[in-house]
Structure formats: structure tokens, C-alpha cells
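The sequence shown begins at 2 in the numbering used here and counts up one residue at a time.
Don't be surprised by glycine CBs; every beta carbon is placed ideally from N, CA and C.
In this text the structure is predicted, and so the values were computed from the model without any measurement.
Here's the structure we're looking at; comments come further down.
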Amino acid sequence: MLYRVFDAAELPALVSAFMDGYEVVAPVKRGAHYSFEAISSPDEMDLAYDTTLASPKRYFLPPTETLMRYNAATNEVADFQEEVVPRVIFGAHACDINAINRLDLVFSDGRYPDPYYKARRAATLIVGVSCSPDSDCFCNLWDADEARFGYDLFLHRLGDKFLVSISSVEAANILESAVDLRDATNEDRIEFRHATRARQAAFNPDIPEIQDVAMLMDAFHSDPFWEELGSKCLACNACAAVCPTCFCFDIQDVLDPDGQTGERQRIWDACTSPQFAVVAGGHNFRPTGRERVRHRMYHKLNGFLATYDRMLCVGCGRCVKACKADINPIRVLEFFEKKGAEGAC
Ligand code: SF4
Ligand code: SF4
């Protein structure tokens, strides 16, 4: 890995250099919260954020997108060519970069690569920035508190300077043209190590670390805990909307008023929705909150792991904040901690 150092005062110059050729999406403060938005000036960006309400997921997988247009009268289909904007996601935390890496596994690297996702991903540079966890963060439990790949630059804040990890030529050229770079010294590396240790020590110690949670979920699949947890679900789908790794979608054909032409749309869906598992004939494979919430937690902490060798949850803590019914992976970890204390596992 190539490491360089530049003064933090030069950060606006770096953002401006990216803005010359790309749409720059960065964290912006909105009232008491932060959100990723396209900015028109470096002054709008605030990198001292804890977390954003939603992740940058929508820049790769929009909430609604047109896949094709069709004409039922002529039986013609036209692929929809949405303009792909060269874009930089500036200031993503490690958990969100790890979440994008998981989306890549599904939409880019899988058996059926998704051309819409792949086009946006290929046109996007990612500049990561180091963070300090808040009380709901548990990315450290899933090894998602550091991004080892999936970014172009990663800026580690060390006081009044940044230690920058460089992993793409495209971003390196812009960096070099925008700021005064120097080689990292051994002192810089030691400072980086201290900053990393401080971050690791700042995670909430009350969140239990249950490394074998996937196996335990299989053992406790029928436990009344799932009824207790799932019966509280309001089916609002806020958890899926804010989650950086939820990728389920529905396909809908939207007819024009002429009844002949129309478009096929892909729309975010969520397994917590009561309609999600309804099939032809009206049967619902997951009719209650118990089944739906259990399924969601299994996909995050068990099923994806079996296929891709990593959790689908990156521990960003967004669903912890978003769910009004207090349903989230931490409750699952606490359940197994309690079972362990009782000697049940
Ligand atoms: S399940 Fe919750 S904590 Fe895990 S990645 Fe999704 S929003 Fe973040
Ligand atoms: S788990 Fe929480 S956020 Fe998700 S749908 Fe149910 S009530 Fe809404």
C-alpha cells in the first residue's frame, strides 16, 4: 500500500480538484443529522460526522430505476440507457466501503452481473475517511471497521494532517495535482497506529461479541425469542431503507395511459414488508413478524456468511437508530449472551 501525507488545510483543494471532473457526493449536516448529498462547494462538506441517516447505497442502487421501456402493441423492448455520471463518494467511513464491497459481490462479481449497477460502480471513485465510533457502532465485531480494499483513496486523520492510502492511479493523479504530498515517515506510521488503537478502544463495550452467532442462530431457530422480537415489528421498512447492505428489490411494470407502452422499474423492497413473501395464489411464506424479522436477521448474520464468507451486516448502527421497535442485530447478540450466561449455549 502506498502512503503519503498532506496538510489537513489542503482538503478543500482536493475536493475542488475532484469537482472539476466529477459530481462530488459528501456528508452534509442537515439539522441534527448528516446525509450524503451532491455538493457544489467544499464548504458544504462536513467530514466530522458520526454517521449519516442513510448510506451512499442509493448512488449505486437507486430506490427506483427504469430498466427498460416496452411497447405491447409492437412487442418492442428498448433497454433504458440512463446517463451514468462520473462521481466521487467523498468521506465514506470504512463500514460503508465494506458494505459497497458486499454489494459488489452480489451485483458485479456474481453469476448474473447487473449492468445497471456495474455501470454506476465503474464510474464512481470512493474516498474514505477515518472515523470514531458512536455508541451504536459495532463494525469492529465483523471486521468491518477497516477498509482494506474497495476505495481509491482513504484519508486517515492525524491531527492537522492526513495520512492517505492510495489504491488507484486515477485518484492518485488528482491527489498529486491538488495538494503538496510528502512521503510518510516512521513517526507518521506510529501516529497512525496510536489513532487506530484509540478508535478500537472507543467501541461500546456493552455490545456483546458473539463470534459464533451464525451457528447459534441455527441452534435457536425455534426459540420464543423470535416471536418476542418479531411481534414488535411495525413493518415500516425503515431498517432496510437505511441499511447499506440491504439490496432486495421488486420489479413493477408501469403502463402509460395509452395502455400499450410503459416501463419496467426496479424498486427497493424489504423482507420486513408483509407482502414480500406472498406468491401466486396468495400464500405468504412469512405471514408474521416472527418469520419476517427472523429472516432478516438470518440473512444478515447467517445466510450471506454461508455463501460469501462474511456477514451481510457491517455493524454501521443505522438500523439501531432507525427502528422505533428496538429491533436490530445487537438485540440478537444480547439474546445469545444471556443464553450463554444461563448455560444454555
Ligand atoms: S443490519 Fe443494521 S447495523 Fe447491520 S449493516 Fe444494516 S443498518 Fe447497519
Ligand atoms: S424491524 Fe423495525 S425498522 Fe424494520 S420494519 Fe420492523 S419496525 Fe420497521
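Under 8 Å, Cβ to Cβ, is there at least one residue of chain C near D251? Looking at the structure shown, chain C is missing, and only one protein chain is on hand.
D354, enclosing alpha helix (DSSP H) - first and last residue: For the chain, the structure presents residues 2 to 346; residue 354 sits outside this window and is missing.
Quick one: residues in its chain with C-beta nearer than 6 Å to the C-beta of V86, no 5 flanking neighbours on either side, listed in chain order? E24
Which whole-angstrom value describes the C-beta separation of A49 and F37, a residue pair presumed to lie in contact below a C-beta threshold of 8 Å? Not quite, the Cβ-Cβ distance comes to about 15 Å (not below 8 Å), so this is no contact.
Run through the segment 33-96 for me and flag every whole alpha helix (DSSP H) of 4 or more residues, listed as ranges in chain order. none
Between which residues of its own chain and D80 is the CB-CB distance below 7 Å, once the five residues before and five after are set aside? M69
From the DSSP secondary-structure annotation, give me the bridge partner or partners of S166. Y4, F155
Distance CB(V315)-CB(C132) smaller than 8 Å: no
Could you tell me which residues DSSP pairs with Q261 in its beta bridges? The partner list for Q261 (beta bridge, DSSP) is empty, contrary to what the question assumes.
Could you give the first and the last residue of the continuous alpha helix (DSSP H) run that contains L256? Looking at the DSSP string, L256 is not in any alpha helix (DSSP H); the run it does join, the beta strand (DSSP E), is 250-256.
In the DSSP assignment, what are the bridge partners of E24? R88
With L302 as the anchor, note down where its alpha helix (DSSP H) starts and where it stops. Neither: L302 is in no alpha helix (DSSP H) and is coded neither H nor E.
I need the boundaries of the beta strand (DSSP E) containing G231, first residue and last residue. Where G231 is concerned, there is no enclosing beta strand (DSSP E), although the alpha helix (DSSP H) it sits in stretches over 226-231.
Which residues does DSSP list as the beta-bridge partners of K30? Y35
Could you tell me the distance, in whole angstroms, from the CA atom of P225 to the CA atom of A271? 23 Å
Please state whether DSSP places L235 in a helix, a strand or coil. coil
Taking DSSP's pairing of strands, which residues face V279 in a bridge? N285
Should the segment 242-253 be regarded as contacting the segment 205-215, the criterion being three or more beta carbon pairs within less than 8 Å? no
With a cut-off of 8 Å, do at least 3 Cβ pairs link the segment 158-176 to the segment 281-301? no
Which of the three DSSP states, helix, strand or coil, is assigned to I268? strand
Does ligand 1 have a heavy atom nearer than 7 Å to the CB of K301? yes
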